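Written below as structure tokens is the structure these notes are about.
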Ligand SMILES: NC(=O)c1ccc[n+]([C@@H]2O[C@H](COP(=O)([O-])OP(=O)(O)OC[C@H]3O[C@@H](n4cnc5c(N)ncnc54)[C@H](OP(=O)(O)O)[C@@H]3O)[C@@H](O)[C@H]2O)c1
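Put into structure tokens, the structure is as follows:
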């Protein structure tokens, strides 16, 4: 082939690549609601950017719900998806992601996917196995963030289809003690093997994070914990800020649907703090023409946190991300901060797992 022909082919190739890239960018842009500003990102220690706003998926286990939730979320501008092998929905999420990627509506780089090591995986021998399983479920080569879901390990029994074992009294059979340093080393190996871009922790307390930091070659990039207007977790957030760890607020709306989960487990309903009924939140909503949910989410974002509200309702999915066109004043931030109720306001305390409260690594 002549030099001339090769250079023409090269030029055609570049134009095609540029067009493909443009179609990937333009297609989803056309589908964004015009009034929603794009969420900003937080920079992780790896240099990668994590969109500050994501969609939570806990308690979404049907294929229909996942299809509606993830398709709506991606269409209105979410790029950060939070799941866990425990949520039993990775395969459905993987199918939706595959459809968006294979049709060039989005590229893999546009997405930020978080999943988590389950409690039955909290052991140095099982980190790789569970992450590999999650990647297969999600049809991905890597995730963006892999978190240790909880600092307590449950005994793993093969062929129990991911379920944990209980004793005759219904108590969960747990590992005796968590070797945080050894597990973290295995997490680091997952970054080195390119199975995840970043690693982090969830539901860890300060002493447990300190143990991890003391031995870490790769620092935790993120801590995911419950935080909302009634439960600020200032000490944890300050500790993370000092150590360059980003923080993601889960249950940012104090999960008003939590008692549905309790009912499913045949457990008694618990008292929930109610953000949507708080008069100060309602008044601020009127001032800014926003819903109480939007005020509560905006408060977290202005604290510099990432957040991942869950909804299976398209209108709410869009409502929740529509929080980038107003700013709470310093006085309003202070007023909302004073709604703190401390540990009483914790919704997700994990005590549905019988016996977990007495484990030496129980973090709360
Ligand atoms: N790492 C962990 O251990 C951990 C623990 C808990 C949660 N998480 C993650 O964090 C995510 C969010 O937390 P979460 O699911 O516990 O609670 P959440 O996001 O605070 O609340 C979810 C509940 O709020 C309702 N909701 C959402 N937007 C609303 C709105 N604008 N107006 C009224 N109601 C609204 C939803 O109802 P509909 O769905 O019916 O709309 C659902 O019942 C989870 O999905 C999960 O991804 C992680």
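In the numbering used here, the protein residues as written are 61 to 424. Even for Gly, the Cβ is constructed at its ideal location relative to N, Cα and C. Values in this document were obtained by computation on a predicted structure and should not be read as measured data.
query                                                                                               : result
Sufficient close CB pairs (3 or more, under 8 Å) joining the stretch 122-129 to the stretch 145-161 : yes
Rounded straight-line distance, which links the Cα of residue 243 to that of residue 318            : 30 Å
Residue 222 CB to nearest heavy atom of ligand 1 below 8 Å                                          : no
Inter-residue Cα distance where the pair is residue 371 and residue 143                             : 13 Å
Span separating the alpha-carbon of residue 214 from that of residue 133                            : 33 Å
For residue 420, the nearest candidate out of 224, 326, 268, 360 (CA to CA)                         : 268
When 256, 196, 285, 221 are compared against residue 408, the one with the closest alpha-carbon     : 285
As assigned by DSSP and simplified to three states, the class of residue 176                        : strand
Segments assigned alpha helix (DSSP H), at least 4 residues, entirely inside the stretch 210-279    : 240-252, 266-275
CA nearest to the CA of residue 289, picked from 131, 280, 254, 336                                 : 336
Residue(s) in a DSSP beta bridge with residue 111                                                   : 101
Residue 345 - DSSP class collapsed to helix/strand/coil                                             : helix
Simplified DSSP state of residue 314, which is helix, strand or coil                                : coil
Whole alpha helix (DSSP H) elements within the stretch 124-170, 4-residue minimum                   : 150-162
Any non-hydrogen atom of ligand 1 within 8 Å of residue 286 CB                                      : yes
Any non-hydrogen atom of ligand 1 closer than 8 Å to residue 425 Cβ                                 : For residue 425 there is no data in the structure shown, the boundaries of the chain being 61 and 424.
For residue 414, the three-state DSSP class (helix, strand or coil)                                 : coil
Residue 45: CB within 8 Å of a non-hydrogen atom of ligand 1                                        : No statement about residue 45 is possible, as the shown extent of the chain runs from 61 to 424 and does not include it.
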